[in-house]
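Trainee: Okay, here's the structure, questions in a sec.
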Amino acid sequence: MRLVPDHSGRIRRSALVEFTFDDAPVKGHAGESLAVALIRAGHLHLRDAPEDGAPRGAFCCMGLCQECVIGIDGLAVESCREIVAPGLVVTSFRGRA
Amino acid sequence: MMLQTDIAVIGAGPAGANAALAAARQGFSVMLLDEQPLPGGQVWRAKSTAILDAPATPEGDAGDRLRQSVKRSSVTYAGDARVWQIEPVEGAWQLHMLKGGRTAPLRARALVIATGAREFVQPVPGWTTPGVLGLAGATALFKQELALPGKRIIVSGTGPLVFYVAAEIRRLGGEVAAVVTPNSQGDWLRVLPAMLPRPDLLMRGARWIADLMASGVPIHWRHAVTRVEGGSRVRGVGFRKLAPDWSPIGTSQGLEGDSLCLGNGLIPAVEAAQLAGVALAYHPELGGWVPRHDEDGATDVPGVFICGDSAGIRGAAAAEIHGRLAGLCAAQHLGADTRKERKQLRPIHARAARFGTTMTALSIPRAGLAQLTTEETVICRCESLTRSAIAAEIAGGARSSNAVKSGLRAGMGACGGKFCQTTVARMIAAADGRAEADVPPPTPRPPLRPVPVSVLAGDFEYSDLPIPKPAPL
Ligand SMILES: Cc1cc2nc3c(=O)[nH]c(=O)nc-3n(C[C@H](O)[C@H](O)[C@H](O)COP(=O)(O)OP(=O)(O)OC[C@H]3O[C@@H](n4cnc5c(N)ncnc54)[C@H](O)[C@@H]3O)c2cc1C
Ligand code: FES
Numbered sequence: 001m002r003l004v005p006d007h008s009g010r011i012r013r014s015a016l017v018e019f020t021f022d023d024a025p026v027k028g029h030a031g032e033s034l035a036v037a038l039i040r041a042g043h044l045h046l047r048d049a050p051e052d053g054a055p056r057g058a059f060c061c062m063g064l065c066q067e068c069v070i071g072i073d074g075l076a077v078e079s080c081r082e083i084v085a086p087g088l089v090v091t092s093f094r095g096r097a
Numbered sequence: 001m002m003l004q005t006d007i008a009v010i011g012a013g014p015a016g017a018n019a020a021l022a023a024a025r026q027g028f029s030v031m032l033l034d035e036q037p038l039p040g041g042q043v044w045r046a047k048s049t050a051i052l053d054a055p056a057t058p059e060g061d062a063g064d065r066l067r068q069s070v071k072r073s074s075v076t077y078a079g080d081a082r083v084w085q086i087e088p089v090e091g092a093w094q095l096h097m098l099k100g101g102r103t104a105p106l107r108a109r110a111l112v113i114a115t116g117a118r119e120f121v122q123p124v125p126g127w128t129t130p131g132v133l134g135l136a137g138a139t140a141l142f143k144q145e146l147a148l149p150g151k152r153i154i155v156s157g158t159g160p161l162v163f164y165v166a167a168e169i170r171r172l173g174g175e176v177a178a179v180v181t182p183n184s185q186g187d188w189l190r191v192l193p194a195m196l197p198r199p200d201l202l203m204r205g206a207r208w209i210a211d212l213m214a215s216g217v218p219i220h221w222r223h224a225v226t227r228v229e230g231g232s233r234v235r236g237v238g239f240r241k242l243a244p245d246w247s248p249i250g251t252s253q254g255l256e257g258d259s260l261c262l263g264n265g266l267i268p269a270v271e272a273a274q275l276a277g278v279a280l281a282y283h284p285e286l287g288g289w290v291p292r293h294d295e296d297g298a299t300d301v302p303g304v305f306i307c308g309d310s311a312g313i314r315g316a317a318a319a320e321i322h323g324r325l326a327g328l329c330a331a332q333h334l335g336a337d338t339r340k341e342r343k344q345l346r347p348i349h350a351r352a353a354r355f356g357t358t359m360t361a362l363s364i365p366r367a368g369l370a371q372l373t374t375e376e377t378v379i380c381r382c383e384s385l386t387r388s389a390i391a392a393e394i395a396g397g398a399r400s401s402n403a404v405k406s407g408l409r410a411g412m413g414a415c416g417g418k419f420c421q422t423t424v425a426r427m428i429a430a431a432d433g434r435a436e437a438d439v440p441p442p443t444p445r446p447p448l449r450p451v452p453v454s455v456l457a458g459d460f461e462y463s464d465l466p467i468p469k470p471a472p473l
């Protein structure tokens, strides 16, 4: 028995659009954060840590920790604050430590 | 051209937005700045434009009401605006904000700081694994994107937030593997009397817990997650029973899940106040170091006011009233007479704050929890510094947060120390048997938020900024 109803079937989202993450096609809803679209697509590992090269991904979800940083147009930006748009070319900071 | 306003408010959560509204009602021009696109703050964060329709929630409704009030008022709102520097210039306050990839100055005669809080997470082995999110951070994902970090999620941490997070995961269609919380059922029973003035919140919390029990989701009271397994992504966690001081005892048990939400209470975000020259005082019951302020949010620095969680963790309801008080105080500073209204608000604020600080008390980690951070655990995520590396620096003579920072770069990484400095300060205090009150946080340096070098060189397009609404007469 549940006392907290399941609302997942009642949420309507914008159309899916396609962008690329390290050349792999990824679909996300236009307007949602890149971090969420990447998590949904199973791309949790966004960058390698300095020194030990350990995998890292979104952590604070509020633009503070810098763990979710990815590259767009040569700029390092926080994927939790960047928005999905069609045709976006997103690169990870994996394997560059 | 330089943007000018009577009062600038940093942060558009319940505190800052209400400060702006109260000051504007006194006839002053007010600019309200936030790095989020819309007002609402952490508790009432607005949905992203990707959400076309969704069932109503109390947080969503309260946020919508606040956003409407700001829109209808004379307050000028600048969203996606990150304040990265605050300095006194010619008897006024000059803020620098990053907006639309450019930086612009704004000059104000008075400043209200309402920058809210961030969360404290006691580091455990593996907490840097992709798929581990902050407990409060996860709520940002829920509110803004109505999305979950995984399918089978472990929820671990202190205070009421664990149960809110578990309930939201279930509401959004996910599976909660288990709730692991250092609080005992006795801790909760003891605060029930203090919760009675808010029967609405009491009922809501009771419903969350009853739902978990009725659905067979295990709740591990007086336990903590002690390690995260999986390496490149979360596969599960180990968890252990805690002693009354929250030090781990007993054998490790295992849980499987593909994601972990982990958090141990909130810490006031005081860097903006520090930059403005406000001194800090240590108030563990309010979440640690808080800018010195009086009841109404006035600080020792003339023209600078502070409110909401950035003045001490007292919760959303108190933040709304505290914001009004601070906004009225700023108006008084500029010549309005707001004494009567403030006198009426003070007892209302005190009541709301009593409830809020009761919840804070449940959320604050007890001393033993620090033992979860083993020698090899990474503490500083930005520089991948382990507990043993930081302990060696302290043993070598670093006796202040600033010393550890300059010796090791702990706290000099991209996040500016926001997720390690409390842990480091507690280690310094423990090493010498000193009180935490003897180890203040490091001196913040601008920028408060990362600013790309290219931006500092570029010119700002004033068309990127909202046109200030005229001040009401
Ligand atoms: C991630 C998170 C989630 C939370 N979720 C809940 C919840 O679900 N329920 C609950 O009861 N409490 C929650 N809390 C506690 C909550 O913060 C308070 O109860 C309440 O929101 C405090 O209101 P406030 O206005 O003081 O601060 P906040 O609501 O935190 O507002 C502060 C605002 O300042 C902005 N800001 C900060 N620094 C800058 C800057 N340099 N430039 C521009 N803008 C800036 C932030 O974007 C934010 O919108 C949460 C806290 C955090 C950190
Ligand atoms: S997840 Fe922390 S900055 Fe994006």
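Chains as they are written, first to last, in UniProt numbering: chain A, 1 to 97; chain B, 1 to 473. Yeah, the Cβ is synthetic: ideal placement off N, Cα and C, and Gly gets one too. Values in this document were obtained by computation on a predicted structure and should not be read as measured data.
(1) Kindly say whether residue 51(A), judged by its beta-carbon, lies nearer than 9 Å to any beta-carbon of chain B.
(2) Where in the stretch 139 to 180 of chain B do unbroken runs of the beta strand (DSSP E), each at least 3 residues long, occur, reported from the N-terminal end onward?
(3) Using the C-alpha atoms, what's the distance from residue 49(A) back to residue 381(B)?
(4) Would you verify that the beta carbon of residue 8(A) is, or is not, closer than 9 Å to some beta carbon of chain B?
(5) Would DSSP call residue 474(B) helix, strand or coil?
(6) For residue 18(A), does the three-state DSSP call read helix, strand or coil?
(7) Please return the same chain residues whose Cβ sits closer than 8 Å to the Cβ of residue 444(B), not counting the five positions on each side in sequence.
(8) How would you label residue 185(B), buried or exposed, when you count the other beta carbons within 10 angstroms and need 16 or more for buried?
(9) Within the continuous alpha helix (DSSP H) that includes residue 211(B), where are the two ends?
(10) For the beta strand (DSSP E) containing residue 31(B), name the first residue and the last one.
(11) For residue 459(B), does the three-state DSSP call read helix, strand or coil?
(12) Can you grab the Cα-Cα spacing for the pair residue 3(B) / residue 10(B), in whole Å?
(13) Short check: CB of residue 80(B) to CB of residue 145(B), under 9 Å?
(14) Taking 8 Å as the limit between beta carbons, can you name the residues of its chain near residue 174(B), skipping five residues before and five after?
(15) What residues from chain A crowd round residue 382(B), counting only those whose CB sits closer than 9 Å?
(16) Would you call the stretch 95 to 110 of chain B in contact with the stretch 286 to 298 of chain B, where contact means no fewer than 3 C-beta pairs closer than 8 Å?
(17) Kindly give me the distance between the Cβ atoms of residue 379(B) and residue 387(B), rounded to whole angstroms, as I take these residues to be in contact under 8 Å.
(18) When every heavy atom of ligand 1 is checked, does at least one fall within less than 8 Å of the C-beta of residue 309(B)?
(19) Nearest to residue 308(B) by CA position, among 13(B), 8(B), 6(B), 336(B), is which residue?
(20) Have a look at residue 181(B) and residue 130(B) and give me their C-alpha separation to the nearest angstrom.
(21) Report buried or exposed for residue 375(B), applying the criterion of at least 16 other Cβ atoms within 10 angstroms of its Cβ.
(22) Provide the residue span of the alpha helix (DSSP H) that contains residue 321(B), from first to last.
(23) For residue 30(A), go through chain B and note every residue whose CB falls closer than 9 Å to its CB, in chain order.
(24) What would DSSP say about residue 22(B), mapped onto helix, strand or coil?
(25) To the nearest angstrom, how far is it from the Cα of residue 87(A) to the Cα of residue 20(A)?
(26) So for residue 89(B), helix, strand or coil by DSSP?
(27) Figure out for me which residue from 29(B), 404(B), 384(B) has the closest Cα to the Cα of residue 53(A).
(28) Since residue 224(B) and residue 248(B) are thought to touch, with beta carbons under 8 Å apart, how far apart are those beta carbons, to the nearest angstrom?
(29) Output yes or no for whether 9 Å exceeds the beta carbon distance between residue 262(B) and residue 287(B).
(30) Across the stretch 131 to 140 of chain B and the stretch 277 to 287 of chain B, are there enough close Cβ pairs to call them in contact, namely three or more that are closer than 8 Å?
(31) Any Cβ of chain A within less than 9 Å of the Cβ of residue 61(B)?
(32) Listed in chain order, which residues of the stretch 116 to 144 of chain B have Cβ atoms closer than 9 Å to some Cβ of chain A?
(33) Consider the C-beta atom of residue 13(B) and the heavy atoms of ligand 1; say whether any pair is separated by less than 8 Å.
(34) Would the beta-carbon of residue 100(B) be found less than 8 Å away from any heavy atom of ligand 1?
(35) Could you compute how far the alpha carbon of residue 280(B) sits from the alpha carbon of residue 289(B)?
Mentor: In short:
(1) The sequence position of residue 51(A) within the first sequence is 51, counting from 1. Yes, because at least one Cβ of chain B sits closer than 9 Å to the Cβ of residue 51(A).
(2) 152 to 157
(3) Numbered from 1 along the second sequence, position 381 holds the residue referred to as residue 381(B). Numbered from 1 along the first sequence, position 49 holds the residue referred to as residue 49(A). Distance between the alpha carbons of residue 381(B) and residue 49(A): 8 Å.
(4) As a first step, residue 8(A) must be located in the first sequence, where it is residue number 8. Closer than 9 Å: yes.
(5) Outside the shown range of chain B, which is 1 to 473, sits residue 474(B), and nothing can be said about it.
(6) Against the first sequence, residue 18(A) aligns to sequence position 18. Looking at residue 18(A) - three-state DSSP - the assignment turns out to be strand.
(7) Against the second sequence, residue 444(B) aligns to sequence position 444. Excluding residues within five positions, the ones whose Cβ falls inside 8 Å are 271, 274, 275, 416.
(8) Start at 1 with the first residue of the second sequence, and residue 185(B) comes out as number 185. Residue 185(B) is exposed by the Cβ-count criterion.
(9) Within the second sequence, the letter at position 211 stands for residue 211(B). Counting along the chain, the alpha helix (DSSP H) containing residue 211(B) begins and ends at 199 to 214.
(10) Reading the second sequence from its first residue, position 31 is the one you call residue 31(B). Where residue 31(B) is concerned, the enclosing beta strand (DSSP E) stretches over 30 to 33.
(11) To locate residue 459(B), count along the second sequence from 1; it is residue 459. Note that residue 459(B) has pLDDT 48, beneath the 50 cutoff, so the model's placement of it is unreliable and the number below is only indicative. Three-state DSSP puts residue 459(B) in coil, outside helix and strand.
(12) Along the second sequence, one-based indexing puts residue 3(B) at 3. Along the second sequence, one-based indexing puts residue 10(B) at 10. Going by the C-alpha atoms only, they are around 15 Å apart.
(13) Counted from its first residue, the second sequence places residue 80(B) at position 80. Counted from its first residue, the second sequence places residue 145(B) at position 145. Contact flag unset, no.
(14) As a working note, residue 174(B) is residue 174 in the second sequence. Answer for residue 174(B): 148, 150, 151, 152, 153, listed in chain order.
(15) Numbered from 1 along the second sequence, position 382 holds the residue referred to as residue 382(B). Simply 49, 50, 65, 66, 67.
(16) no
(17) Your numbering for residue 379(B) matches position 379 in the second sequence. Your numbering for residue 387(B) matches position 387 in the second sequence. That belief holds up - the Cβ atoms of residue 379(B) and residue 387(B) are roughly 5 Å apart, short of 8 Å.
(18) If you number the second sequence from 1, residue 309(B) lands on position 309. Checking the Cβ of residue 309(B) against ligand 1 gives yes.
(19) Along the second sequence, read from residue 1 onward, the residue named residue 308(B) stands at position 308. Closest option to residue 308(B), Cα to Cα, is 13(B).
(20) Taking the first residue of the second sequence as 1, we reach residue 181(B) at position 181. Taking the first residue of the second sequence as 1, we reach residue 130(B) at position 130. About 22 Å.
(21) On the second sequence, position 375 is the one that residue 375(B) refers to. By the 10 Å Cβ count, residue 375(B) comes out exposed.
(22) For the purposes of this step, residue 321(B) is taken as residue 321 along the second sequence, with counting starting at 1. Looking at the DSSP string, the run of the alpha helix (DSSP H) that includes residue 321(B) is 316 to 333.
(23) Looking up residue 30(A) in the first sequence gives position 30. Near residue 30(A) (Cβ distances below 9 Å), the residues of chain B are 49, 50.
(24) Against the second sequence, residue 22(B) aligns to sequence position 22. Residue 22(B): helix per DSSP, three-state reduction.
(25) For this step, residue 87(A) is matched to residue 87 along the first sequence. For this step, residue 20(A) is matched to residue 20 along the first sequence. Cα-Cα distance, rounded: 7 Å.
(26) Counting from one through the second sequence, the residue named residue 89(B) turns up at place 89. Three-state result, residue 89(B): strand.
(27) Here residue 53(A) corresponds to residue number 53 of the first sequence, with the count starting at 1. Taking only the C-alpha atoms, the option nearest residue 53(A) is 384(B).
(28) Looking up residue 224(B) in the second sequence gives position 224. Looking up residue 248(B) in the second sequence gives position 248. Going by Cβ atoms, the distance from residue 224(B) to residue 248(B) rounds to 7 Å, so yes, they are a contact pair.
(29) In the second sequence, residue 262(B) corresponds to position 262, counting from 1. In the second sequence, residue 287(B) corresponds to position 287, counting from 1. Their beta carbons are not under 9 Å apart, which means residue 262(B) does not touch residue 287(B) by this criterion.
(30) no
(31) Against the second sequence, residue 61(B) aligns to sequence position 61. No, its Cβ sits nowhere closer than 9 Å to a Cβ of chain A.
(32) 118, 119, 121, 127, 128, 129, 130, 131, 132, 133, 134, 136, 137, 138, 139, 140, 141, 144
(33) Position 13 of the second sequence, counting from 1, holds the residue named residue 13(B). Residue 13(B) Cβ: within cutoff of ligand 1.
(34) Position 100 of the second sequence, counted from the start, is the residue given in the question as residue 100(B). Residue 100(B) Cβ: outside cutoff for every heavy atom of ligand 1.
(35) Here residue 280(B) refers to the residue found at position 280 of the second sequence. Here residue 289(B) refers to the residue found at position 289 of the second sequence. Roughly 6 Å separates the two Cα atoms.
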